[in-house]
Structures are given as structure tokens and as C-alpha cells.
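> I have a structure here, written as C-alpha cells, and I will follow up with some questions on it.
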Amino acid sequence: MWSFSGPSRAAEDAVIIPPPALDAKAATGIQTAVVAGGCFWGVQGVFQHTAGVLNAVSGYAGGAKETAEYEKVSTGTTGHAESVEIKFDPKQISYGRILQIFFSVTHDPTQLDRQGPDTGTQYRSEIFTLNDEQKRVADAYIAQLNAAGVYKKPIVTRVGLLKGFFPAESYHQDYLTLHPSQPYIAYYDIPKIRNLKKIFADSYVEKPTLVSSAKVTN
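Sequence positions in the sequence shown follow the numbering used here and run 847 to 1064.
What follows is the structure in C-alpha cells.
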């Protein structure tokens, strides 16, 4: 259950941050990133409006396949985080750029086990890495941002190895686009899309790449 009583940086201005000093090497073929930053509706929506992203799927990471369903994850006892799996073209967008957007626009990485009105470990900030290079880039970027004092508080984002990603139920997919007037979306998530367009204009695309129409699947 949510309300409008919790803090929401998304309803204000996103934090403008420098790009990562260390980025992943140029790769060929479709690449994958998995991030968690609170309710997956808004995170998915942001990356569906990001150039170079071929698909962004809401789902669960950090727990077992057997308990990867919304009602169980919502108890906060399964180990999962609401996450988004991002398939991207490294010729159009780098892994580091995805992390820059993740930290700047999608959520507040200084909030521990919560985002806005949503509380619990399932709403934690985490980067699930697929290989050693992604881990190096993520760890280095967090250290860089903390050293630069970009935020008033230390970043609490976890960095962990992805052991499995499990797509969420169909009614959670493309939720922001399908329900733009829903109060939660309008208050907490639509501002994230506006901030993406304002801060990352060169990475913003007006037409979202929806799961229902994506040419690349997870």
C-alpha cells in the first residue's frame, strides 16, 4: 500500500551527475544490464524512453525462481528486488551511460531499502552485474560519485552478481505508458521521464520501446 506522504525526489529535480570515469569496453552484439531502484514501473519507463535500449522488462532479481511472483516478493522476505532487465545496443549507448541515467533520474540511491512511499528490501537500490567488467564499472562509479560529494548522503546502492532474472507478471509490463494518469505514476514516475528528457536530451526518445512491441526479448 502506498500514499503520497513519503518523500519523492522524482517529483522535484533529478541530480545532475558526471559520467563514469571508467566505462565498459566497446562490445559487439546485444548487451544486458539489470538494475533495481524502487518500484519497477518508473525504472522501466525511463529506460523505455532511452535511445539504444532495445527492451526493458520489469521483473525480480536477487531471489529464487520459485518465489519470484509479486505477492510473495511484496512481503520483503524472498530476497528479491523489483528490477529491470535492459537489453541495449552498445553502439548506441554504453553500460556507463545506463548507470549514469540510473543514478541521476530513476531513483535516489541514498535511500536504504525504500524509494518514496515504498519501503522494504524489495525496493532497494542494487546493480546486478553479469560479469567482472560490469562490477568494476559499477564499483568505480559509486566510489567516484561518493568522492565527488554529488549527494548529501552516501550512496547505499548494492553491487551483486546476477544469479537470475525473472520477468514480472504481464500486468506490470509497460505500466507507465499504459497508465499515465494513475495517481502513483503521475506523481512519482512521470517526472522521471521529464527529467530524462531535460538532462539527457541526446539519449531521450519520445516513443517508448514497449515490451509488447520489442523486437528483442529477454
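No residue lacks a Cβ here, since even glycine has one placed at the ideal position from N, Cα and C.
1. Can you tell me where the alpha helix (DSSP H) with Y987 in it begins and where it stops?
2. For N924, which option in A993, G942 and E912 has the closest C-alpha, if you only look at C-alpha atoms?
3. For D978 and V1005, I'd like the C-alpha separation in whole angstroms.
4. Check for me: the alpha helix (DSSP H) holding I794 runs from which residue to which?
5. Tell me the rounded alpha-carbon separation between Y916 and Y969.
6. Measure the alpha-carbon distance for H1025 versus D1035 and round it to whole angstroms.
7. With H, G and I counted as helix, E and B as strand and the rest as coil, what does DSSP make of G925?
8. At the level of alpha carbons, what is the spacing between A831 and A860?
9. From what residue to what residue does the alpha helix (DSSP H) around Q890 run?
10. Spell out the partners DSSP gives A902 in its beta bridges.
Let me lay it out:
1. Taking the first residue of the sequence shown as 1, we reach residue 987 at position 141. Per DSSP, Y987 belongs to the alpha helix (DSSP H) from D978 to A994.
2. Your numbering for residue 924 matches position 78 in the sequence shown. The identity of residue 924 in the sequence shown is Thr, whereas the question assumes Asn. The residue with the shortest Cα to Cα distance from T924 is E912.
3. Reading the sequence shown from its first residue, position 132 is the one you call residue 978. Reading the sequence shown from its first residue, position 159 is the one you call residue 1005. Their backbone Cα atoms lie some 11 angstroms apart in a straight line.
4. Any question about residue 794 goes unanswered here, given that the chain covers just 847 to 1064.
5. Counting from one through the sequence shown, the residue named residue 916 turns up at place 70. Counting from one through the sequence shown, the residue named residue 969 turns up at place 123. If you take the alpha carbons of Y916 and Y969, they lie about 12 angstroms apart.
6. Along the sequence shown, one-based indexing puts residue 1025 at 179. Along the sequence shown, one-based indexing puts residue 1035 at 189. Straight-line Cα distance between these residues: approximately 11 angstroms.
7. Here the question's residue 925 lines up with position 79 in the sequence shown. The answer is coil: DSSP assigns G925 none of H, G, I, E or B.
8. Since the first residue of the chain shown is 847 and the last is 1064, residue 831 is not available in this structure.
9. As a working note, residue 890 is residue 44 in the sequence shown. F886 to Q894 is the span of the alpha helix (DSSP H), which, as asked, contains Q890.
10. Residue 902 sits at position 56 when you count from the first residue of the sequence shown. According to DSSP, A902 bridges with I932.
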